[in-house]
Amino acid sequence: MCQVPQVKGQVLLIGGFLAYSLSKELLVIHDETVLAVVMGTTLYFLAQKVSKPIADMLDARYQENNAMSLELDYRNKLHEVVREVKKRLDYQAEIETFQRRTEQLHIIDWVEREVVKSITPQLEKESVSQCIKDLKAMTPA
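Heads up, the sequence shown is in this note's numbering, so the first residue is 628 and it goes up one at a time.
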């Protein structure tokens with residue numbers, strides 16, 4: 628028995644169909660048929676010869692595009708991280724500025740209260756008297 632019946636069966640089917648087509652004149656051999664066979668054979672061998680370099684070139688382009696896509700994703704994620712870190716640092720700086728401003732206001736209020744407490748009624752009278760004397764000295768006689 629034959630070991631590979633599928634291959635012989637396919638060849639027999641194609642040969643039988645070709646013989647049937649020629650006998651019933653479905654396929655007429657003339658200039659156009661010969662040209663079609665020559666063109667088909669030429670295209671087949673050309674495809675066999677050129678397909679490997681073209682496939683390699685397309686694979687290289689695909690890998691290059693894939694690498695560029697990965698690089699773009701990496702840079703986008705890196706940019707997102709930088710933006711997030713900057714946002715957090717700005718927030719921290721804003722908190723420190725607020726705390727410093729609050730401390731300054733507290734110190735100003737405390738100094739003002741202490742100065743007001745330190746002014747005695749006697750000191751206030753002397754200060755007002757001195758101001759009046761200075762004003763009188765400034766007026767023309």
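Idealized CB from N, CA, C, for every residue including glycine.
Separation of residue j from residue i, as counted between CA atoms
i      : j      : result
Leu640 : Met666 : 23 Å
Leu673 : Glu691 : 27 Å
Lys679 : Arg688 : 14 Å
Arg728 : Glu711 : 26 Å
Glu659 : Ser650 : 18 Å
Trp737 : Ile746 : 15 Å
Thr766 : Pro748 : 27 Å
Glu751 : Lys763 : 18 Å
Spatial neighbours of residue i in its chain, beta-carbon cut-off 8 Å, leaving aside the 5 residues before and after
i      : result
Phe725 : none
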